[in-house]
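Asks: Last residue of the sequence shown: number 1432 in the working numbering, and the count goes up by one each step with no gaps.
Take this structure first; my questions come after.
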Amino acid sequence: MLVESDPAAWRKLVSRFGDIRLDPAITALKPDEIRKLQSIAADRDPTYEPADFGLFFEAHGEKVEDMEEFAGALRRWPIMRSVEIELDGPPPLVDASNDPLAVNQGYLDPAPGGVDARFAWTVTGGDGAGQAVVDVEGGWELAHEDLSAHGISLISGTNSTSLLWRRHGTSVLGEMVAVDNTVGCVGIAPNVGSVRVSSIFGSTYSGAILAALPTMNFGDIMLIELQTTASTTPGGDPTYGPIEVVDINYEAIRLATALGIVVVEAGGNGTNNGGTPATNLDTHTNAGGDLILWRDPSNPDFRDSGAIIVAAATSAAPHTRLAYSTYGARVDCYAWGQNVETTSTNSGGSTSLYTSSFGGTSSASPIVAGAALSVQGVFQDANGFRLSPRQVRTLLSDPALNTAPSMAETTAMGMMPNLQQIITTSVGMTPDIYLRDFVGDTGEPHMGSISASPDIIARPVTVADPQASFGAGSGTENASNLGFTVQGGQDNYLYVRGLNQGPVNATGATATVFWSEVSTLVTPDLWNLVGSTAMPTLPTGEVLTCANPITWSSGDIPAEGHYCFVGLLDHPNDPAPGPADFGDWDNFRNFIRNNNNVTWRNFNVEDPAPAPNAEPKGFVAMPFLVPGAFDEPRDFVVEFVGKLPREAKVMLELPVNFLQFMESELKFERIDRGKNLAVAVLPPSGRIRIGRGLMPAKARFRMRLLVAAGIKKKGADYSVAVRQLYRGEEEVGRVTWKLEPGRRDFEKKEAERAGGKADRKAKDRKAV
């Protein structure tokens, strides 16, 4: 074609450069195979514009001494769209030695140091399960002890015998997918479903990419561990950048991303010697003078391959760009470019060698690719489908989610992925477990009751099947009267049930219960540990699930009676704070209202019939504590709420010194300052303020409600409560007593059952 277009010019070209041969640039796939892939790509990505790969050729000149002169001569040919020099760069690494294995995988650690792969492993799919990755470069030691379990296969090309390439590829794979097998290191995605490689040897950069495409599926990850000459220094040395600076490579990558393949591309290492200059993608121009990699809305020449371009940074936080690393607005992500612990090999083909000094954009890119595998795994497990390349790129480079470079960094180098933030905040693939504060609680923040949880159940005897007795389908899901008076002199049993409104099952949750005196405000300094129990898997869909009981040993129970219980539901991905986490009052208030991993059961069921030895006679006594805040004096209102019949009588015993701090509107029947005792008459129904004022820090005011209700009809809904409000507006605690006729006899029978069981167990032990 060139000869026919201008025979005289062709003869002149041959006389200068000798015999010239043009070979098809793409031989890895047949033209119809490429067209089939392009048709699929166009259906998946409406913005994709297929290139004619049949128009790309490799030019070879017999007597070429100056590549720029040769390229310039070809560019002058009118039918040439572009002529580019592709000088294959060395592997884009800075790897000085093969140091012995050390515990140095800091890139797995939480942000800002690493990408927090350790968190991702606690989420289903976060270890890369079910995902696939292809590494495009030159050589590998696929039999390495930390890689061989994957059964890695070569898609195309030949595995180079060069130590430089084999060591490079082995280290790259180790960062991403080294298995968790008790030896060596572990990759970011150790349980990935498929690992394959495609080599440039026996092929080309673009050929190795295209050859892999028919074997890949939507959402798979392709890592391109290559670099090419982006420009030259004044002295003629190459300055390396991402391979998409060459048109044919760009088209191959663009086809991959249009097919839905997530491409992670090494940004390149400048002069590759640890020094400057580095490649600035904002100022890079192609042969036509176009700023093809300056990502800016005002730049009409920018072209986006869809790949994630990666820069190399320091291992220590706050991270700064390594001097030789590519930079610019087109760079999406950065990661460690030094001190990376990973797999390695040597000239003897070692399968058990490791290095602590892998680096450059070679080490940075696998970290980002591993993060992509993790995010894709979590998302697919939860949703049944995968994210698109642009969605993955957006998540991994979002400044609101990921780790920014040091404030001192003046060049654009993207973000380092933070898997914990991506998974919990944006991908949302973590459980959201909760305990109900009251019947009808949906797990969302509310201003309702916080002390009437139906999900902590005290029993004097165990039940055969906790889930059948208290879980979904039991008929007791919304029963609030399942808790019993704690029996003295014997073990008691606390059952905890929870729900999960998140998108993934919660496996490995733990329920912990504390006890407190019955108090209107249960501050952490009143909490006493009862114990913990492992929760069964809490499935999605808010299925009420009950755990095996926590045994409250008889020797740890202060006395028979009612107690307030505080329950915490904890999961590695939805953690609950503990008592030590509250540094101030505002933290505690926020904890009460907005943390659905905690609940209070300050709800008691009482028999309205007075006991024979009741004091005062004819009344049911209900003792409770009114405490101050734990940090400083605070403005509180203490209020009585009655829901009793008109004929009921209610009195309140309270200490006289309470009235020194709190203004009261009560009608007092008796005040005995010598005994520090006041007795007030309360209305059987409605609300009345017991007191308002600045309550001293850590104050403890002991009180008793005395009720003579005369209720005999079962099923009636009668109750009394005392609640505490911060500044008269925000309820921070409440004690409720439900009056249920026959309750005392019922609990007595249960206690006798418990005693009988204990006697039988004792006899059995003696028999043994």
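C-beta atoms are modelled at their ideal positions from N, C-alpha and C, and glycine is treated no differently.
Is TYR771 helix, strand or coil when you go by DSSP?
Replies: helix
Asks: Answer yes if the region 920-931 comes into contact with the region 876-884, meaning at least three C-beta pairs across the two stretches below 8 angstroms, and no otherwise.
Replies: yes
Asks: Note down the Cα distance separating SER826 from THR1025, rounded to an integer number of angstroms.
Replies: 20 angstroms
Asks: Hey, is the region 1248-1262 in contact with the region 1290-1298, meaning 3+ C-beta pairs nearer than 8 angstroms?
Replies: yes
Asks: I'd like to know whether the C-beta atoms of ASN1237 and THR1094 end up nearer to each other than 7 angstroms.
Replies: yes
Asks: Flag this pair as touching only if the region 1330-1350 and the region 1386-1393 have three or more C-beta atom pairs under 8 angstroms; answer yes or no.
Replies: no
Asks: How many angstroms separate the CA atom of LEU955 from the CA atom of ILE912?
Replies: 17 angstroms
Asks: Roughly how many angstroms lie between the CA atoms of ASP759 and ASP968, to the nearest whole one?
Replies: No answer about ASP759 holds up, because its pLDDT of 37 lies below 50 and its placement is not dependable.
Asks: For the beta strand (DSSP E) that contains THR1174, what are its first and last residues?
Replies: 1174-1180
Asks: Would you mind reading off the limits of the alpha helix (DSSP H) that contains ARG1334?
Replies: In this chain, ARG1334 is not harboured by any alpha helix (DSSP H); it is covered by the beta strand (DSSP E) spanning 1331-1336.
Asks: With a Cβ-Cβ cutoff of 7 angstroms, do THR834 and SER1008 count as a contact?
Replies: yes
Asks: Beta-carbon within less than 7 angstroms of SER1070's beta-carbon, same chain only, minus the 5 sequence neighbours each way: which residues are those?
Replies: PRO982, HIS983, THR984
Asks: Could you tell me if PRO764 is buried or exposed, where buried requires 16 or more neighbouring beta carbons within 10 angstroms of its beta carbon?
Replies: Low per-residue confidence applies at PRO764: pLDDT is 35, beneath 50, and the placement is therefore not dependable enough to give any value.
Asks: Quick check: what's the CA-CA separation for ALA975 versus PRO710?
Replies: 29 angstroms
Asks: Whole angstroms are fine: how far does the CA of GLU1395 sit from the CA of ASN1259?
Replies: Those two C-alpha atoms are separated by around 15 angstroms.
Asks: Where in the region 1004-1063 do unbroken runs of the beta strand (DSSP E), each at least 3 residues long, occur, reported from the N-terminal end onward?
Replies: Runs found: 1004-1008, 1017-1022.
Asks: First and last residue of the beta strand (DSSP E) that includes LYS1307?
Replies: 1298-1307
Asks: Just the C-alpha distance for ASP884 and GLY1041, rounded to the nearest angstrom, thanks.
Replies: 10 angstroms
Asks: Look at the alpha carbon of ARG1429 and the alpha carbon of VAL1186, and state the distance between them as a whole number of angstroms.
Replies: With a pLDDT of 35 at ARG1429, under the threshold of 50, the predicted position of this residue should be treated as unreliable, though the coordinate-derived value follows. Cα to Cα, ARG1429 sits roughly 40 angstroms from VAL1186.
Asks: Less than 7 angstroms between C-beta atoms, sequence neighbours within five positions excluded: which residues of the same chain meet that for LEU1017?
Replies: ASN762, SER1008, THR1009, ASN1010
Asks: Taking only three categories from DSSP, how would you classify GLU801?
Replies: strand
Asks: Pick out whichever of PRO1203, VAL861, PRO1222 has its Cα sitting closest to the Cα of ILE816.
Replies: VAL861
Asks: Alpha carbons only, please: which of LEU957, HIS808, PHE1178 is nearest the one belonging to ASP1189?
Replies: PHE1178
Asks: Bridge partners of TYR998, per DSSP?
Replies: ALA975
Asks: According to DSSP, what are the bridge partners of PRO902?
Replies: THR896
Asks: Got a sec, what are the start and stop residues for the alpha helix (DSSP H) TYR1390 sits in?
Replies: Taken as a continuous stretch (DSSP letters only), TYR1390 belongs to no alpha helix (DSSP H), being part of the beta strand (DSSP E) at 1382-1390.
Asks: In this structure, does DSSP put ALA920 in helix, strand or coil?
Replies: Helix, per DSSP.
Asks: Comparing C-alpha positions only, which one of LEU1065, MET1080, TYR1159 sits nearest to VAL1091?
Replies: LEU1065
Asks: Going by DSSP, what residues sit across from ASN1164 in a beta bridge?
Replies: Looking at the DSSP output, ASN1164 shares a beta bridge with ILE1097.
Asks: Using the Cβ count rule (16 or more neighbours within 10 Å means buried), how would you classify GLU1279?
Replies: exposed
Asks: So what's ASP1238 in DSSP terms, helix, strand or just coil?
Replies: strand
Asks: Relative to the C-alpha of LEU1318, which candidate in ALA1275, LEU1208, ILE1335 has its C-alpha closest?
Replies: ILE1335
Asks: Which residues mark the beginning and the end of the beta strand (DSSP E) in which TRP1216 is found?
Replies: 1214-1216
Asks: Between the region 884-894 and the region 694-714, can you find at least three pairs of beta-carbon atoms closer than 8 angstroms?
Replies: no
Asks: DSSP beta-bridge partners for GLY1397?
Replies: GLN1388
Asks: Could you please give me the residues that DSSP links to GLY1355 through a beta bridge?
Replies: VAL1302
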